[in-house]
Amino acid sequence: MVINASISGTPSSLRKVHRMMALRNLLYDGNCSRKSLAKKLGISSMAMTRISGDLINAGLVLENGFIKNDNIPGPNQINLTINKNSVFGVGIVLSAFKTEIGIVGANGEIIESQNIELEDISDGMKALSILIQKIKELIKFKHIEYSRILGVGISVAADLDVSKKKILGAGYLGWKPFDIKKTVEDQLLLPTFIEKIPNALILSETSIGCAKKLNNILLLHSSTVLGASLIINNEVVDGAYSKSGRVGHFNAHKTELICSCGRNDCLNCVASGWSILVEAGMIEDKKYKPELVPVYAKLLNKILSNKEGHMVSEKINKLFYSAGETLALNLTKINQIIDPQIIILAGLLSKSTHYSSGIKDTLRSLGTDGISALSKLKLGNVYIIQATCFMPLLKTIFTPNFNFEELYHSSLLVEENIANKKVIA
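For the sequence shown, my numbering begins at 170 and goes up steadily by one.
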């Protein structure tokens, strides 16, 4: 999990850090006793009792059954677990593949999610306004108190400014620049956190996915086009101008296809979902067109789900395999440069066994460097809507600067004890 915060060394600050660390461990493990948590955090049992008391009083943690001490003298230990219904995060996904909204609980578990069919996503501002209204309706439908919602996560297939407040453009979707953060906060009146889709996924994988407790991670997102996200030494690498991760524009070889950037030799032209569709003859125009992105996404989804029975052929399977082969050649080079602990395959194409086989078989044939990359390869297991909704929680309750006192007094999660008010440091 990525935590970026500036804290002092005062007892109050250390208590905040210990609360955050206790929550993180409960998130990783699902449940844990006070004794085990104290050992993991390196603090005394008395300190752990205070920390767990803070979290229970804030409504974030519940006592949930006992751990039997069959071979150890003394009473059974009480299990602690995160209260999934204590606080919530809501999210909006805006991409070529799908537009989706949802709500997750404090432990990252999906409470509700909905796919929202939009006739046109080429106007980012208009599409976002529709989804904001749908979010309001979903919150009302689930009877969730606004005071329990800690923020809104937004995942977009678009370029963001360095502050992650504005859409600079979206070559794949054809969007014009606009202030996405202000648009959402003005209408929902909630703190809003925005990330590109690969970044949202990699952040969630470190906390509730396949990369827990790791701090050097590469995530490859393969869908209609290719993208990536990178964490080095526990920091998401955005780049100087917030343009990192554009692996789809790596040089491959010349083709008859024309990428959104105007070139014909991009990795997007040989290893993406769009290129597979063109080579399969399912898309006639060999130039990538933002206005056709929803068409690309729907066709890919039909192929991968094979709902109509006749969509998949030996030719298409070979195209998926070949695309995986080409990606693997570049994957080895990236692994040689950054040497991550894990390489996560995410996105629509990761569902294809032929695509994955093309990657794995090629890595096996590339000697020790290929085997090194293969040994790190994992399939991502967090849905994008789940990652998006969990984003505001990651950036609030799982950081040491979260205001527990405000939560305790204003969220109505616990009964207020007027005679003996508790103020959490």
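Quick reminder that beta carbons are idealized off the backbone N, C-alpha and C, glycines included. Everything numeric in this text was worked out from a predicted model, so none of it was measured.
Handout entry: For residue 544, the first and last residue of its enclosing alpha helix (DSSP H)
Key = Within the sequence shown, residue 544 is the residue found at index 375, counting from 1. Taken as a continuous stretch (DSSP letters only), the alpha helix (DSSP H) holding residue 544 covers 536-544.
Problem - Nonlocal neighbours in the same chain, by C-beta distance under 7 Å from residue 311, ignoring five residues either side - result: Within the sequence shown, residue 311 is the residue found at index 142, counting from 1. Excluding positions up to five away in sequence, the list reads 272, 280 and 281.
Problem - N- and C-terminal bounds of the alpha helix (DSSP H) containing residue 458 - result: Taking the sequence shown and counting its residues from 1, the one referred to as residue 458 is at position 289. Neither: residue 458 is in no alpha helix (DSSP H) and is coded neither H nor E.
Practice task
Return the CA-CA distance between residue 336 and residue 490, expressed in angstroms with no decimal places.
Solution key: Position 167 of the sequence shown, counted from the start, is the residue given in the question as residue 336. Position 321 of the sequence shown, counted from the start, is the residue given in the question as residue 490. About 34 Å.
Handout entry: C-alpha gap between residue 536 and residue 421, whole angstroms
Key = The residue given as residue 536 occupies position 367 in the sequence shown. The residue given as residue 421 occupies position 252 in the sequence shown. Cα to Cα, the separation comes out at about 21 Å.
Practice task
Could you pull out every unbroken alpha helix (DSSP H) segment of at least 4 residues lying fully inside the region 207-242, listed in chain order?
Solution key: 214-226
Handout entry: Assigned secondary structure, residue 420 (DSSP; H/G/I helix, E/B strand, else coil)
Key = To locate residue 420, count along the sequence shown from 1; it is residue 251. Three-state result, residue 420: strand.
Problem - residue 189 classed as buried or exposed, judged by whether at least 16 other C-beta atoms fall within 10 angstroms - result: One-based indexing of the sequence shown puts residue 189 at position 20. It counts as buried.
Problem - Anticipated Cβ contact below 8 Å, residue 426 with residue 413, distance rounded - result: Residue mapping note: residue 426 aligns to position 257 of the sequence shown, counting from 1. Residue mapping note: residue 413 aligns to position 244 of the sequence shown, counting from 1. No, residue 426 and residue 413 are not in contact; Cβ-Cβ is about 24 Å, not under 8 Å.
Exercise for the section: If I'm right that residue 565 touches residue 319 with Cβ under 8 Å, what's the distance once you round it to whole angstroms? Expected result: Counted from its first residue, the sequence shown places residue 565 at position 396. Counted from its first residue, the sequence shown places residue 319 at position 150. Right, their Cβ atoms sit about 5 Å apart.
Problem - Inter-residue spacing [alpha-carbon to alpha-carbon] between residue 470 and residue 390 - result: As a position in the sequence shown, residue 470 is number 301, starting the count at 1. As a position in the sequence shown, residue 390 is number 221, starting the count at 1. Rounded to the nearest angstrom, the two C-alpha atoms are 15 Å apart.
Practice task
Give the secondary structure of residue 600 by DSSP, where H, G and I count as helix, E and B as strand, and everything else as coil.
Solution key: The structure shown does not extend to residue 600, since the chain is modelled only from 170 through 594, so no value can be given for it.
Exercise for the section: Determine the burial state of residue 185: buried for a count of at least 16 other Cβ atoms within 10 Å of its Cβ, exposed for fewer. Expected result: In the sequence shown, residue 185 corresponds to position 16, counting from 1. It is buried - the Cβ of residue 185 has at least 16 other Cβ atoms within 10 Å.
Practice task
Could you check what DSSP says for residue 325 in three-state terms: helix, strand or coil?
Solution key: Residue 325 sits at position 156 when you count from the first residue of the sequence shown. Three-state DSSP puts residue 325 in a strand.
Exercise for the section: Using alpha carbons as the reference points, say which of 574, 182 and 555 lies closest to residue 369. Expected result: For this step, residue 369 is matched to residue 200 along the sequence shown. Nearest C-alpha to residue 369: 555.
Exercise for the section: Taking residue 255 as part of the alpha helix (DSSP H), name the residues at either end of that continuous run. Expected result: Position 86 of the sequence shown, counted from the start, is the residue given in the question as residue 255. It is not in any alpha helix (DSSP H) - residue 255 carries neither H nor E in the DSSP assignment.
Problem - Beta-carbon gap between residue 326 and residue 409 smaller than 8 Å - result: Indexing the sequence shown from 1 puts residue 326 at position 157. Indexing the sequence shown from 1 puts residue 409 at position 240. For residue 326 and residue 409, no; Cβs fall outside 8 Å.
Problem - Nearest-angstrom Cα separation, counted from residue 574 out to residue 589 - result: Mapped onto the sequence shown, residue 589 falls at position 420. Mapped onto the sequence shown, residue 574 falls at position 405. The predicted position of residue 589 is uncertain, since its pLDDT is 42 and thus under 50; a value taken from the coordinates is nonetheless stated next. Using only the alpha carbons, I get a separation of about 15 Å.
Handout entry: Under the three-state DSSP convention, the category residue 449 falls into
Key = To locate residue 449, count along the sequence shown from 1; it is residue 280. Looking at residue 449 - three-state DSSP - the assignment turns out to be coil, as it is neither helix nor strand.
Exercise for the section: Please state whether DSSP places residue 312 in a helix, a strand or coil. Expected result: By one-based count along the sequence shown, residue 312 stands at place 143. Reduced to three states, the DSSP call for residue 312 is coil.
Practice task
Note down, in chain order, each residue of its chain lying with its Cβ closer than 8 Å to the Cβ of residue 478, except the 5 sequence neighbours on either side.
Solution key: Start at 1 with the first residue of the sequence shown, and residue 478 comes out as number 309. Any answer about residue 478 is weak, because its pLDDT of 48 lies below 50 and its placement is not dependable; what the coordinates show is given next. Nothing listed; no residue qualifies.
Problem - Euclidean distance between Cα positions of residue 212 and residue 527 - result: Counting from one through the sequence shown, the residue named residue 212 turns up at place 43. Counting from one through the sequence shown, the residue named residue 527 turns up at place 358. Spanning the two alpha carbons is a distance of roughly 48 Å.
Exercise for the section: Classify residue 436 as helix, strand or coil using the three-state DSSP reduction. Expected result: Here residue 436 refers to the residue found at position 267 when the sequence shown is read from its first residue. Three-state result, residue 436: coil.
Handout entry: Pick from 452, 464, 284 and 261 that is closest to residue 364, judged by C-alpha positions
Key = Numbered from 1 along the sequence shown, position 195 holds the residue referred to as residue 364. Checked all of 452, 464, 284 and 261; the closest Cα to residue 364 is 261.
Problem - Whether residue 270 touches residue 324 by CB criterion (8 Å) - result: Position 101 of the sequence shown holds residue 270. Position 155 of the sequence shown holds residue 324. Not a contact, by the Cβ cut-off of 8 Å.
Problem - Whole-angstrom distance between residue 227 and residue 164, CA atom to CA atom - result: In the structure displayed, the chain extends from 170 to 594; residue 164 sits before or after that span and is not available.
Practice task
From the DSSP output, in three-state form, read off residue 360 for me.
Solution key: Sequence index remark: in the sequence shown, residue 360 carries index 191 (1-based). Coil at residue 360, not helix or strand.
Problem - Where residue 383 sits in the DSSP three-state scheme - result: Stepping through the sequence shown from its first residue, residue 383 is reached at position 214. In the structure shown, residue 383 sits in coil (DSSP, three-state: anything other than H, G, I, E or B).
Practice task
Please classify residue 547: does DSSP put it in a helix, a strand, or coil?
Solution key: Taking the first residue of the sequence shown as position 1, residue 547 is located at position 378. Three-state result, residue 547: strand.
Problem - Cβ distance (whole Å) where residue 448 is taken to contact residue 488 below 8 Å - result: The count along the sequence shown starts at 1 and reaches residue 448 at position 279. The count along the sequence shown starts at 1 and reaches residue 488 at position 319. That pair is a contact at about 5 Å.
Handout entry: residue 348 (DSSP reduced to helix, strand or coil)
Key = Stepping through the sequence shown from its first residue, residue 348 is reached at position 179. It is a strand residue.
Practice task
Pick helix, strand or coil for residue 398, following the three-state DSSP scheme.
Solution key: Translated into positions along the sequence shown, residue 398 becomes position 229. Residue 398 falls in the strand class under three-state DSSP.
Exercise for the section: Over the uninterrupted beta strand (DSSP E) stretch that includes residue 248, give me the two end residues. Expected result: Along the sequence shown, one-based indexing puts residue 248 at 79. Segment 246-251, the beta strand (DSSP E) holding residue 248.
Exercise for the section: Within 10 angstroms of the Cβ of residue 235, are there 16 or more other Cβ atoms? Answer buried if so, exposed if not. Expected result: As a first step, residue 235 must be located in the sequence shown, where it is residue number 66. Flag for residue 235 reads exposed.
Practice task
Indicate whether residue 229 and residue 192 have their beta-carbon atoms separated by less than 8 Å.
Solution key: In the sequence shown, counting from the first residue as 1, residue 229 sits at position 60. In the sequence shown, counting from the first residue as 1, residue 192 sits at position 23. A contact, by the Cβ cut-off of 8 Å.
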